[in-house]
Each structure stands twice: as C-alpha cells, then as structure tokens.
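Beneath this line is the structure, given in structure tokens, with notes to follow.
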Amino acid sequence: MSEKPKVAFYWCAACGGCDEAVVDLAEGILDVVAAVDIVLWPVAMDFKKADIEARPDKSILVSFINGSIRSSEQVEWVRLLRKKSQLVISFGTCAGGGGIPALANEFSREEILKYVYETCPSNVNESKVRPGPTPVAHNGDGSALTLPELHEQVRSLDQVVAVDYYLPGCPPTPKIIAAAVGALLSGKMPPPGTVLSPDKALCDECRRKDSKPADLSLAEFKRPHQMHIDPEKCLLAQGLLCMGGSTRSGCEALCPEGNMPCTGCFGPTSRVRDKGAKVVSAILSNIAADEPEAIDKILDTFPDPVGTLYRYGFSKAMLRRKQDD
Ligand code: SF4
Ligand code: SF4
-18 MSEKPKVAFY
-8 WCAACGGCDE
2 AVVDLAEGIL
12 DVVAAVDIVL
22 WPVAMDFKKA
32 DIEARPDKSI
42 LVSFINGSIR
52 SSEQVEWVRL
62 LRKKSQLVIS
72 FGTCAGGGGI
82 PALANEFSRE
92 EILKYVYETC
102 PSNVNESKVR
112 PGPTPVAHNG
122 DGSALTLPEL
132 HEQVRSLDQV
142 VAVDYYLPGC
152 PPTPKIIAAA
162 VGALLSGKMP
172 PPGTVLSPDK
182 ALCDECRRKD
192 SKPADLSLAE
202 FKRPHQMHID
212 PEKCLLAQGL
222 LCMGGSTRSG
232 CEALCPEGNM
242 PCTGCFGPTS
252 RVRDKGAKVV
262 SAILSNIAAD
272 EPEAIDKILD
282 TFPDPVGTLY
292 RYGFSKAMLR
302 RKQDD
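Going by the numbering used here, the residue at position 68 of the sequence shown is 49; the numbering climbs one at a time, nothing skipped.
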C-alpha cells in the first residue's frame, strides 16, 4: 500500500481563525484525514519542531501556512517548512498580504514597544522591562531558553519564502479550502503563483449588483450602525463603503448577504496593483462636490482611512512603512 501524502498546517502571526476554518470543513475534514497524513498542526496536534527537522527535504506534499511574519521564530519555522515541502500554500489574508497584524506597520517597532511596555496607562512596569532575545531561563539540558526577536516590520509569507499558491480570505471559506485540497489530491493544480479563487470582482457574484449605479454620487460615508440598511439595494449606493468592486470574488458575497459591506478580505483582483490606491481613485472620481472645501468635508466622513483602505494588505502596499530612525 502506497504511503499517504504528508500535509502540514502552521500558524504565524494569526488569530486562530484560519485554523478554525479547517475545522469548519465539518464532516469534510474526515475525507481529508482519510486521504492524507497530517504531520504538523500546532493548534490541534502535538508535534514538535524536531519531528519536522528529522524529515527528509521535500517529503511533505504541502504546507498550509497562515498568519503574517514578524518574529525570528516565525521566520525559522517558515524556512524549515519551505525546505521540507514540495508546495507551500499561503493560507488566508494575513499570510497573503500581512492582514490585520500588518496595520502595525503604521508605527515603528520602537513606538509599539514603548507604548506597550512603558506608556500604556494600564501598565505597571517601573523598571521598563521589555521582552527580547536575552536568555530568560534554562532548558532541562542547560541550554539557554530565549524569546523570539520582534522584527522591524510585519511581512507577508511571500516576502520571506517562496509561495506556490494563495488561498485568500479572512479566513478562507470551507468551499475554497475543499476545492484546493481536491485539486491537490487529484494533481490538477493551476500554474504556480495562482490565487485559488475566481479572478473577478465580488460585485459580479453579489445579488445586489443590479442596483449598483454606474455613476455614484457620494455625499457622505456612513458606518453600518448609523443607519437602517436596505437589505436589497447595493450598499455602496446607500453610502456604505463596500469594497466589492475591487475585491476578488469567491466568498459568495457573505458579508453583503448579511447586510454588511465587503471589507476586502479576499484581497484585490489581479488587475489591482494597490488596493487602497484603487479605492481612493474610485471614490475621488465619484465625490458629489467640486470645490476643495466641500470635497474635504465629505472626505472627513471617511472612516479610519488606513485601516479601511489597507485592512488586509498593508505589507504589500505601495506606501512606505514607518521605521525607527
Ligand atoms: S486571515 Fe483572518 S482568520 Fe486568518 S489568521 Fe488572519 S485575521 Fe485570523
Ligand atoms: S453591495 Fe457591495 S459587493 Fe454588492 S454590488 Fe454593491 S458594491 Fe458590489
């Protein structure tokens, strides 16, 4: 009997939602477990780093890696998995573009550490101790136990190791995970580098699309809690910042179906180089004012510009990241 293919799951700077999404395959996970041997899944099973180090190179068919990269430990792990795997799949939008953790790139590392360990009002840390790579204790064999180093920036997975495929979403939906696993096991994968979700805008699969006006006239940006939302009409036409026009489809418009605007978690389509710039360009050409003062007044209602425009992909934004002097 031939051996089953080996599969690894790993998480870096992540919330756990991507691992939860694997469990959300429900009874489908039984088919996955029957078809493969899981050799690493820290959130669910007790494997050690030494187990992976002992494996021959390329002996794992595929590693699914979620979360963005900020620490020395995460860099070590993803390099190890890259070496031991034939394929690496970037799983979820944190791995793909930095995700929510990458919004930390708005601040320098020093600003973050200073606030968290010194000036945050809820902290008591008179000696201003900060965690770091200095040895904090000793292992049983006498070797030093150190904490990982926090790197200057939050990076996407492909800014650290080569990635073969991308599964988008925050988290990816069970449907696109199951489709990717099916394609892998049948050997029918698309060309390397492919994002495993349709390369068309979410508006195309949204049932509200017929009420999306060709020419918008944006006089104010509203947040969902500030209004009664019409459950049938395009959300953008109602003044909510719905990102469906620049976001890749594949989620079946779950958020608009739930009466919430799309926040862009499936990332951009291949035609969009910088998601934030694309949305700004679309908005500015649809503002219902001509005079600078009136335009500014409308733009003042735009909620949390960086957090809205770059919520999932700040590691890959064309904007420069903030660095320590
Ligand atoms: S992509 Fe979303 S669900 Fe996955 S780790 Fe990041 S924040 Fe969590
Ligand atoms: S509600 Fe959003 S996703 Fe749906 S058609 Fe309007 S802009 Fe597009």
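All residues carry an ideal CB built from backbone N, CA and C; glycine is no exception.
Residue state for Tyr(-9) is assigned as strand, using DSSP reduced to three classes. For Asp18, the enclosing beta strand (DSSP E) starts and ends at 18 to 21. Around the beta carbon of Ser266, fewer than 16 other beta carbons lie within 10 angstroms, which makes this residue exposed. Within 10 angstroms of the beta-carbon of Lys65 lie 16 or more other beta-carbons, which makes it buried. If you look at Val287, you'll find it in the alpha helix (DSSP H) that goes 286 to 290. Taking non-hydrogen atoms of ligand 1 into account, the C-beta of Pro152 is found less than 7 angstroms away from one of them. The C-alpha of Leu138 lies about 19 angstroms from the C-alpha of Thr154. In the three-state reduction of the DSSP assignment, Lys278 falls in the helix class. Under the 8 angstroms Cβ criterion, the segment 293 to 301 counts as touching the segment 255 to 263, having at least three qualifying pairs.
Taking each of Ala31, Pro114, Trp58, Ser49 in turn and checking the Cα distance to Ala85, the smallest one comes out for Ser49. By a beta-carbon distance limit of 8 angstroms, Val110 does not contact Ile70. Their separation comes to about 39 angstroms. Ala269 has its alpha-carbon roughly 45 angstroms from the corresponding atom of Ser52. Beta-carbon to beta-carbon, Ser40 and Lys(-13) are separated by about 6 angstroms, close enough to satisfy the 8 angstroms threshold.
One alpha carbon belongs to Trp(-8), the other to Glu272, and they sit about 49 angstroms apart. Relative to ligand 2, even the nearest heavy atom lies 7 angstroms or more away from the CB of Ala263.
Taking the CA atoms as reference points, Val59 sits about 11 angstroms from Gln140. The count of Cβ pairs closer than 8 angstroms, one atom from the segment 160 to 174 and one from the segment 97 to 114, stays below three, leaving the stretches out of contact. When Cβ pairs closer than 8 angstroms are counted between the two stretches, the segment 28 to 40 is seen not to touch the segment 5 to 14, the count staying below three. Gly225 sits close to Leu183, with the two beta carbons spaced by under 8 angstroms. In this structure the segment 214 to 232 lies against the segment 183 to 194, because at least three pairs of beta carbons, one per stretch, are closer than 8 angstroms. Taking C-alpha positions only, Pro286 is separated from Gly150 by approximately 21 angstroms. Here Ala16 has Leu166 as same chain residues with Cβ atoms under 6 angstroms from its own Cβ, once five neighbours each way along the sequence are excluded.
Between the C-alpha atoms of Lys278 and Leu21 there is a straight-line separation of about 53 angstroms. With a threshold of 16 other beta carbon atoms within 10 Å, Thr228 meets it and is buried. Within the DSSP secondary-structure output, Leu221 pairs in a beta bridge with Lys203. Ranking Pro242, Glu133, Ala234, Leu235 by CA distance to the CA of His206 puts Pro242 first. Excluding sequence positions up to five before and after Arg63, its CB lies within less than 6 angstroms of the CB of Val69, Val142, all in the same chain and listed in chain order. The closest heavy atom of ligand 2 lies 7 angstroms or more from the beta carbon of Cys246. With a contact defined as Cβ atoms closer than 8 angstroms, Phe72 and Cys187 miss out at about 25 angstroms.
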